[in-house]
Amino acid sequence: MIHGMAIINNTLRLHYVESGEGEKVIVLLHGFPQTWWEWRFVMPILVDQGFRVIAVDYRGAGDSWKPADGYDKRTMASDIHHLLTNHLNIQVPVVIIGHDIGLMIAYAYAQEYRTSVSQLVVIDAPLPGTKIFDKIRTDHRVWHFAFHNVRDLPEMLMAGRERQYLQHFFNYRIYNSAAITENDMDIFSQAYSKAGAMKAGLEVYRAFDQDILDNKESIAKNGKLSIPVLAVGGEISTSGPFMKEMMEEVANDVKSIRIPKTAHWVVEENPEIFIKELLQFLI
Numbered sequence: 000m001i002h003g004m005a006i007i008n009n010t011l012r013l014h015y016v017e018s019g020e021g022e023k024v025i026v027l028l029h030g031f032p033q034t035w036w037e038w039r040f041v042m043p044i045l046v047d048q049g050f051r052v053i054a055v056d057y058r059g060a061g062d063s064w065k066p067a068d069g070y071d072k073r074t075m076a077s078d079i080h081h082l083l084t085n086h087l088n089i090q091v092p093v094v095i096i097g098h099d100i101g102l103m104i105a106y107a108y109a110q111e112y113r114t115s116v117s118q119l120v121v122i123d124a125p126l127p128g129t130k131i132f133d134k135i136r137t138d139h140r141v142w143h144f145a146f147h148n149v150r151d152l153p154e155m156l157m158a159g160r161e162r163q164y165l166q167h168f169f170n171y172r173i174y175n176s177a178a179i180t181e182n183d184m185d186i187f188s189q190a191y192s193k194a195g196a197m198k199a200g201l202e203v204y205r206a207f208d209q210d211i212l213d214n215k216e217s218i219a220k221n222g223k224l225s226i227p228v229l230a231v232g233g234e235i236s237t238s239g240p241f242m243k244e245m246m247e248e249v250a251n252d253v254k255s256i257r258i259p260k261t262a263h264w265v266v267e268e269n270p271e272i273f274i275k276e277l278l279q280f281l282i
């Protein structure tokens, strides 16, 4: 794997990890509170299948820089577009796969750069601007939507306790409790203990109201997506039962699957079945 840093603008550098030399490109976008490391099980298998795979630490996460603003998903999608087209010089349409917050960025990317995406895979999260988002945001399992939206207080309470907070965060929405190991917790908690990291992580939630407006505007302007979409849900997750219905609000060609023995952390809780279903969709 090759690690790189792309200069996006004066306040932002994006960290990415690249592997494989295939002509077909897959872009992986993680969720909160994770980094590119979320895709550790997926990347080697996709490379073995002949894909070129790029996993990105989105704005504010992992080793990417942490600017004060720009956490609406349309701007975060433009970061990814700059990385792919200006830095990596990728001219072909890509497969874009997003989990959690990464789902929201991946959708924004597919809407904004419609000819640059061949297939979209969205994994287990509500999409701002849909009826399902409004329905799910009141579920107790997404209590953090409201908490993270409060200014300053969450950062103050988490300071010095990042690992404890993230451990609870993972445990509250997991089926296979062995999926996130102590080593994984070390990686994620170290990433979110960096200066400005937790604030940046919460800003992606504080931008949801803008995301709702942007997504509704995109649908009104461009219509639904026409590319093939795979909507993936965890078997016992909050979003799992609604993924197909949700994506059919915004896309015309939707296939949906539920991954057994998983809650929210689908690609880590049952990577074997997830990868099998993903490859059936892609190949």
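Using numbering that gives the first Met the number 0, the letters of the sequence shown map in sequence onto residues 0 to 282. From the three backbone atoms N, C-alpha and C, an ideal C-beta is built for every residue, glycine too. Remember, it's a predicted structure, so these values are computed and weren't measured experimentally.
Residue i classed as buried or exposed, judged by whether at least 16 other C-beta atoms fall within 10 angstroms
| i | result |
| --- | --- |
| LEU152 | exposed |
| ALA67 | exposed |
| THR261 | buried |
| THR237 | buried |
| GLN110 | buried |
| GLU271 | exposed |
| ASP133 | exposed |
| MET245 | buried |
| ASN214 | buried |
| THR10 | exposed |
| ASP208 | exposed |
| THR84 | exposed |
| LEU277 | buried |
| PRO127 | buried |
| ASN182 | exposed |
| SER225 | exposed |
| HIS167 | exposed |
| THR180 | exposed |
| ASN8 | exposed |
| THR137 | exposed |
| ASN88 | exposed |
| ILE122 | buried |
| ASP210 | buried |
Presumed contact (8 Å Cβ cut-off) between residue i and residue j, rounded CB distance
| i | j | result |
| --- | --- | --- |
| PRO92 | TYR191 | Incorrect: roughly 33 Å between the Cβ atoms, too far for contact. |
| GLY3 | GLY21 | Not a contact, Cβ separation roughly 18 Å. |
| GLY222 | VAL265 | 29 Å between Cβ atoms; not a contact. |
| TYR164 | LEU82 | Rounded, the Cβ-Cβ distance is 29 Å, inconsistent with contact. |
| ARG205 | TYR70 | 7 Å |
| ALA178 | GLY30 | At roughly 14 Å, the Cβ-Cβ gap does not stay under 8 Å, so ALA178 and GLY30 are not in contact. |
| SER63 | LEU13 | 5 Å |
| LYS65 | ALA199 | 4 Å |
Nearest-angstrom Cα separation, counted from residue j out to residue i
| i | j | result |
| --- | --- | --- |
| GLY59 | PHE146 | 19 Å |
| GLY101 | LEU28 | 5 Å |
| ALA230 | VAL149 | 30 Å |
| LYS286 | GLY61 | Since the displayed the chain opens at 0 and closes at 282, residue 286 lies outside it and no answer follows. |
| ILE274 | VAL41 | 7 Å |
| GLU328 | GLU267 | This structure does not reach residue 328, given that the chain is present from 0 up to 282, and the question cannot be answered. |
| PHE169 | LEU201 | 16 Å |
| LEU45 | VAL52 | 7 Å |
| ALA158 | PRO227 | 42 Å |
| ASN175 | MET184 | 15 Å |
| ILE173 | ALA250 | 28 Å |
| ALA194 | ASP56 | 16 Å |
| ILE131 | ARG140 | 15 Å |
| ARG162 | MET155 | 14 Å |
| GLN189 | VAL94 | 30 Å |
| ILE235 | PHE241 | 11 Å |
| ALA290 | TRP35 | One cannot answer for residue 290 here, as it falls past the ends of the chain, which runs 0 to 282. |
| MET0 | PRO43 | 9 Å |
| TRP286 | ASP99 | Beyond the ends of the chain as shown, which are 0 and 282, falls residue 286; an answer cannot be given. |
| ILE96 | ASN269 | 17 Å |
Residues that residue i bridges to, as DSSP identifies them
| i | result |
| --- | --- |
| SER255 | ALA230 |
| ASN8 | LEU11 |
| VAL16 | HIS2, ALA54 |
| LEU224 | ALA250 |
Proximity test, residue i beta-carbon vs the ligand SAM heavy atom, cut-off 7 Å
| i | result |
| --- | --- |
| ASP68 | As for the ligand SAM, it is missing from this structure, which has no ligand bound. |
* Can you list, in chain order, the stretches of the alpha helix (DSSP H) that have 4 or more residues and sit fully within the segment 78–109? -> Taking only runs of at least 4 residues, no alpha helix (DSSP H) segment lies wholly in the segment 78–109.
* Every unbroken beta strand (DSSP E) within the segment 19–73, with a cutoff of 3 residues, ordered by chain -> List check, beta strand (DSSP E) in window: 24–28, 51–55.
* Which ranges does the alpha helix (DSSP H) cover as unbroken runs of at least 4 residues, wholly within the segment 173–222, from first to last along the chain? -> Counting only unbroken stretches of 4 or more residues, the alpha helix (DSSP H) elements lying wholly within the segment 173–222 are 181–191, 196–205, 207–221, in sequence order.
* Asked: Hey, which unbroken runs of the beta strand (DSSP E) at 3 residues or more fall wholly within the segment 108–140?
  -> If we require 3 residues or more, the beta strand (DSSP E) runs fully inside the segment 108–140 come out as 116–122.
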